[in-house]
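Residue numbers (my numbering): -11 to 123.
Here the structure comes first, spelled out in structure tokens, and everything after it is commentary.
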């Protein structure tokens, strides 16, 4: 999976980090959904009304490269990990790991925001593409 943007894609952020807990979260900063009962060993993704939790490879297996885009044109490779909408009440979405080693905020208008997440390998993702889809 190549995270390099083609000419017609809009890369808004990129990070490579060691993810100690093997968890990346995409959420409204005011999210109150706890993802109780989620077992990342048996389910790789947990989606709530205002947040999505995604399993990635833990730091002992190597770094995770994350690309954040405003367009999905150009590249469609990878495994679809999540495709859907989350509610935004605060005017933004935060993409971060459990320890906040990486914390990236994308401003969005309040309401439903459509997101598509592609990875190189389900469960042990080392590359992740987060795409914010136009309404």
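Glycine included, each C-beta is placed from N, C-alpha and C at the ideal position.
Computed from a predicted structure; not experimentally measured.
Counting only residues of its own chain and dropping the five nearest sequence neighbours on each side, residue 121 has a CB closer than 8 Å to the CB of 60, 102, 103 and 104. Sequence-distant Cβ neighbours of residue 21 in its own chain, meaning closer than 7 Å and more than five residues away, are 36, 37, 38 and 39. Judged by their CB atoms, residue 73 and residue 96 are not nearer to each other than the 7 Å cut-off. By DSSP's assignment, residue 14 forms a beta bridge with 40 and 83. Under DSSP, residue 70 shares a beta bridge with 105.
Between residue 4 and residue 51, the gap from beta carbon to beta carbon is short of 7 Å.
Nearest to residue 7 by C-alpha distance, out of 24, 31, 44 and 26, is 44.
The closest CA to that of residue 29, considering only 69, -1, 112 and 117, is found on 112.
Take residue 49, set aside five residues on each side of it, and the residues of its chain with a beta-carbon closer than 8 Å to its own are 112 and 114, in chain order.
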